[in-house]
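A.B. asks: I'd like to ask some things about the structure below.
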Amino acid sequence: MTSTALYDVPGPLTRRRHLVYGLVSTAVIIGLLGWILYLLFDTNQFTTAKWRPFAYEGIQELLLRGLGNTLKAFAYAAVLSLALGGLLACGRLSVHRPLRWVATLVVEFFRAMPVLVMIFFIFVALKVQPLPALVAGLTLYNGSVLAEVFRTGVNSVERGQREAAYSLGMYKTQVMSFVLVPQALRAMLPTIISQLVVALKDTSLGFLITYEEFLHAGKLIAGNLDYDLPFIPVVMIISPIYIGMCMLLSWFAHWVAKRQKRNPKTEAVEVTEAEPGTLLPGAGPRG
178 MTSTALYDVP GPLTRRRHLV YGLVSTAVII GLLGWILYLL FDTNQFTTAK WRPFAYEGIQ
238 ELLLRGLGNT LKAFAYAAVL SLALGGLLAC GRLSVHRPLR WVATLVVEFF RAMPVLVMIF
298 FIFVALKVQP LPALVAGLTL YNGSVLAEVF RTGVNSVERG QREAAYSLGM YKTQVMSFVL
358 VPQALRAMLP TIISQLVVAL KDTSLGFLIT YEEFLHAGKL IAGNLDYDLP FIPVVMIISP
418 IYIGMCMLLS WFAHWVAKRQ KRNPKTEAVE VTEAEPGTLL PGAGPRG
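In this note's numbering, the protein residues as written are 178 to 464.
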């Protein structure tokens, strides 16, 4: 039996035990899926009456319009959240104490406030239209979370990078723009995309304030008595689309990360090894 520096290679008995564990787990998963399918068939969730609505052009247009409204709200919220997060992060990293205190207070307040409460307050108390109310609530919450992500990412860069940039005579804005932020972006990118996925899923809260987004359209179809209340079919249609959009965002983050690695500006520069007899600049031959 061979071994490595981190773990011992499993022997024949361990491999057989792992095979048994895998077979048992697979059997349990298949059994669970079979039980779910049995319940769906037993409750008549695959009848023609429940799935017929999705063949109607009006229902398809309703779903597409709701999906478009969801993407529109997400696009506004994502852009504004990134902008607000960057602004609040600059405030938290400021050398001016009052500005830093104000930014910290804003970030901590909106991070602790539930998203739904903010959306309802803006919609009911301030009498704002559904789309701006939804976008404002998502922006305030996700922007405050992203501000902490940006601040932590910038502070995670080695202190020597900052000191070396200042020693070259660079201003603070130049240090942030050309030294700290480009290095911190790689570390921050997965967390930023994760937070944008949260913003995408939270757009479904818009149906509570009568915003005609994707979930609102599904709710209208699921509660229709003429279609025999097709609640489960609506869930089976809407859920994969939401999951697909979140997976698309994750794929985009992975693509950006790979592209950054191939960027010649971020690749290491090869240095030619010194040959025997090479003189340093300004050095002359010894007498």
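C-beta atoms are modelled at their ideal positions from N, C-alpha and C, and glycine is treated no differently.
Pairing CB atoms from the stretch 317 to 333 with CB atoms from the stretch 395 to 410, are three or more of them under 8 Å?
C.D. replies: Because the criterion of three Cβ pairs below 8 Å is not met, the stretch 317 to 333 and the stretch 395 to 410 do not touch.
A.B. asks: V331 lies in the alpha helix (DSSP H); which residues open and close that run?
C.D. replies: Residues P307 to N332.
A.B. asks: Evaluate S321 with the Cβ neighbour count: other Cβ atoms within 10 Å of its Cβ, from every protein chain shown; 16 or more gives buried, anything less gives exposed.
C.D. replies: Buried, by the Cβ-count rule.
A.B. asks: Quick one: Cα of A302 to Cα of A434, how far?
C.D. replies: Those two C-alpha atoms are separated by around 42 Å.
A.B. asks: Counting only the same chain and skipping the five closest in sequence on each side, list residues whose C-beta sits under 6 Å from that of A356.
C.D. replies: Before going further, note that residue 356 is Val rather than Ala in the sequence given. Cβ neighbours of V356 beyond the five flanking positions: Q338 and A342.
A.B. asks: On the CB-based measure, 16 or more other CB atoms within 10 Å of its CB, does S202 come out buried or exposed?
C.D. replies: S202 is exposed by the Cβ-count criterion.
A.B. asks: Would you say S314 and V292 are within 8 Å of each other, going by their C-beta atoms?
C.D. replies: Reading off the sequence shown, one finds Gly at residue 314, where the question assumed Ser. Yes.
A.B. asks: Let me know the secondary structure DSSP gives H431 once reduced to three states.
C.D. replies: The answer is helix: DSSP assigns H431 an H, G or I state.
A.B. asks: What does the Cβ neighbour count give for Y198, buried or exposed, with the cut at 16 atoms within 10 Å?
C.D. replies: So Y198 ends up on the exposed side.
A.B. asks: Is the stretch 368 to 382 touching the stretch 243 to 252 in the sense that three or more CB pairs, one from each, lie closer than 8 Å?
C.D. replies: Yes: at least three Cβ pairs fall under 8 Å.
A.B. asks: My understanding is that G268 touches H393, with C-beta atoms under 8 Å, so please give their C-beta distance in whole angstroms.
C.D. replies: That pair is no contact at about 36 Å.
A.B. asks: By Cβ distance below 7 Å, which residues in the same chain neighbour K227 in space, the five residues on each side in sequence not counted?
C.D. replies: For K227, where only same-chain residues beyond five positions count, the Cβ hits under 7 Å are Y404, D405, P407 and P410.
A.B. asks: Alpha carbons only, please: which of T387, R288 and I414 is nearest the one belonging to F223?
C.D. replies: Looking at the Cα atoms, I414 is the closest of the given residues.
A.B. asks: Could you check what DSSP says for V412 in three-state terms: helix, strand or coil?
C.D. replies: Three-state result, V412: helix.
A.B. asks: Using 8 Å for Cβ pairs, my map puts Y253 next to F287. What's the rounded Cβ distance?
C.D. replies: With 8 Å as the limit, Y253 and F287 do not qualify as a contact, their Cβ atoms being about 17 Å apart.
A.B. asks: Can you tell me where the alpha helix (DSSP H) holding V284 begins and where it ends?
C.D. replies: R274 to A289 is the extent of the alpha helix (DSSP H) around V284.
A.B. asks: Cα-Cα, which of L216, S271, L209 and P309 is closest to T387?
C.D. replies: If we check each option's Cα against that of T387, P309 comes out closest.
A.B. asks: Which of the three DSSP states is assigned to G188 in this structure?
C.D. replies: Coil at G188, not helix or strand.
A.B. asks: What does the Cβ neighbour count give for P275, buried or exposed, with the cut at 16 atoms within 10 Å?
C.D. replies: Exposed.
A.B. asks: Would you kindly work out how many angstroms separate the C-alpha atoms of P189 and V205, rounded to a whole number?
C.D. replies: The alpha-carbon atoms of P189 and V205 are separated by roughly 24 Å.
A.B. asks: Tell whether a beta-carbon distance below 8 Å holds between M365 and F327.
C.D. replies: Contact: yes.
A.B. asks: Straight-line CA distance for K349 to Q306?
C.D. replies: Whole-angstrom Cα-Cα distance: 41 Å.
A.B. asks: Roughly how many angstroms separate the alpha carbons of T329 and M422, rounded to a whole number?
C.D. replies: Cα to Cα, T329 sits roughly 27 Å from M422.
A.B. asks: Can the beta-carbon of T316 be found closer than 8 Å to that of S258?
C.D. replies: The answer is yes: Cβ separation under 8 Å.
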